[in-house]
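A short write-up of the structure that comes next.
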Amino acid sequence: MYQKFRTFATARKVRKNASSVNAVKFTRRSLLKRSALFFGASAIQTPLELLAEEPEAADVWAFASDMHIADWTTATPEHNTRFQSAITAILAEPVKPRRLFLLGDNVASGTQEQYHRLLKILQPAVESGTGIHASLGDHDHRENFQAIRTQLLPPPERKDASITHIVRTEPWQDGEVKHLEIIETKRANFFVLDSHDKINQEEGKFGKNQLDWLVAELDQRKEKPAILMAHHPAVDIARSGLADSAPFWQVLRTRHQVKAYFFGHTHFWIHYRLGRVHQVNFPATSRCAPLTVLGWVLLTLYDDGIRLTLKTCDSDNPRNGENVDLKWV
Ligand SMILES: [Zn+2]
2 MYQKFRTFAT ARKVRKNASS VNAVKFTRRS LLKRSALFFG ASAIQTPLEL
52 LAEEPEAADV WAFASDMHIA DWTTATPEHN TRFQSAITAI LAEPVKPRRL
102 FLLGDNVASG TQEQYHRLLK ILQPAVESGT GIHASLGDHD HRENFQAIRT
152 QLLPPPERKD ASITHIVRTE PWQDGEVKHL EIIETKRANF FVLDSHDKIN
202 QEEGKFGKNQ LDWLVAELDQ RKEKPAILMA HHPAVDIARS GLADSAPFWQ
252 VLRTRHQVKA YFFGHTHFWI HYRLGRVHQV NFPATSRCAP LTVLGWVLLT
302 LYDDGIRLTL KTCDSDNPRN GENVDLKWV
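Be aware that the sequence shown starts at 2, since it is given in this note's numbering, and climbs by one per residue.
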């Protein structure tokens, strides 16, 4: 544990002192080598292809989850201050993330006031050009979120022309509404899905309309890796998972371009693989849970995989700076 702490503490120190892109590159390489030494090459999964290729500044992205932003009715103001600190840290990164993805339970109970507070916390990111894309969790309220959604995108003069953003919020024929987004980028397409079913009902559901839409959209984008995300884990667990996990998996299993599924909800920071699809459970950024870390995650996108870097809310946490390298299968 001491060695692990010393490894990341040293890397952080170097990164803190980095004042140029070259210095940042050196730090990343140093961190990779040091991590491989400590964890062992097979455990850390550091493919040579990742080592050989330097990341482009444009391919860094940020993720936060389970912020549970409070209003005057909820006695958890620390959720707001933690997320505010996370936003400050994200914007202070040597390579500023292109976009910030929120993986749901963005607010505590879905009130308009909570979304206004969320928007206020996110304002510096929006103004700086790091737009926000959000998935909805069981604590969210779809209509109240929709009221602020367009204000989360960067102003026109700061928009990144290399990103294509597609939004689907219109009702289907039966009146059902889901909040769906596709973010097309150079190396991968991000799909923001909507597993929110009913407010404050823990179990989530995609529904047939959404799964049909997903099939059609994936089939039009076979040429690039697809990274899918929503709030719920893709398993049906004791009324707190995804009610229609079986048909969802049928979609993923049969489409080779789907490389990863990201989610929150459990507040655990874990990753595993089902078949060839990487599953990443992101930690809560604001709301504590037993045996978990609080933090946000930086994602660096490569041609053949991703690097996820944990940034804990408590910077002295020994897991701060922990890397997970996932190669596309
Ligand atoms: Zn949840």
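Note that the Cβ used here is the ideal one computed from N, Cα and C, for glycine as well.
With distances taken between CB atoms, is the gap from residue i to residue j smaller than 7 Å?
| i | j | result |
| --- | --- | --- |
| D141 | H80 | no |
| P156 | A189 | no |
| L145 | G111 | Sequence check: residue 145 is Asn here, not Leu. It is a contact, given that the beta carbons lie within the stated cut-off. |
| F283 | F84 | no |
| T310 | N324 | yes |
| P248 | L212 | yes |
| A71 | A126 | no |
| D67 | H279 | no |
| I228 | F191 | yes |
| G205 | L154 | no |
| H134 | E94 | no |
| H180 | L137 | yes |
| E203 | S241 | yes |
| R256 | L219 | yes |
| I149 | Y116 | yes |
| Q258 | K209 | no |
| V216 | V252 | yes |
| D304 | K328 | no |
| Q147 | L120 | no |
| V330 | R277 | yes |
| F207 | D161 | no |
Which partner residues of residue i appear in the DSSP bridge assignment?
| i | result |
| --- | --- |
| Y273 | Q280 |
| H166 | I184 |
| F64 | F102 and V298 |
| H134 | F102 |
| G208 | Paired residue(s): none; G208 is not in a bridge. |
Runs of alpha helix (DSSP H) wholly within the stretch 69 to 119 (minimum 4 residues, chain order): Listed in chain order, they are 78 to 92.
Residue ranges of each alpha helix (DSSP H) within the stretch 226 to 271, 4 or longer: Taking only runs of at least 4 residues, the alpha helix (DSSP H) segments lying wholly in the stretch 226 to 271 are 246 to 254.
Inter-stretch contact (C-beta, 8 Å, three-pair minimum) for the stretch 313 to 321 and the stretch 234 to 253: Note that the stretch 313 to 321 does not touch the stretch 234 to 253; fewer than 3 beta-carbon pairs, one per stretch, sit closer than 8 Å.
Segment contact, 8 Å Cβ cut-off, at least three pairs: the stretch 122 to 135 with the stretch 96 to 103: Because the criterion of three Cβ pairs below 8 Å is met, the stretch 122 to 135 and the stretch 96 to 103 touch.
Residues surrounding ligand 1 [beta-carbon distance to nearest heavy atom under 5 Å]: The set of residues whose C-beta lies within less than 5 Å of a heavy atom of ligand 1 reads, in chain order, D106, G138, D139 and H266.
3 or more residues per run - each beta strand (DSSP E) lying fully within the stretch 179 to 204: Every beta strand (DSSP E) stretch that sits fully inside the stretch 179 to 204 and reaches 3 residues is listed by chain position as 181 to 185 and 190 to 193.
Cβ contact (3+ pairs, closer than 8 Å) linking the stretch 283 to 299 and the stretch 252 to 269: A contact exists between the stretch 283 to 299 and the stretch 252 to 269.
Runs of alpha helix (DSSP H) lying entirely within the stretch 304 to 329, each at least 4 residues, in chain order: Listed in chain order, nothing qualifies, since the stretch 304 to 329 has no complete alpha helix (DSSP H) run of 4 or more residues.
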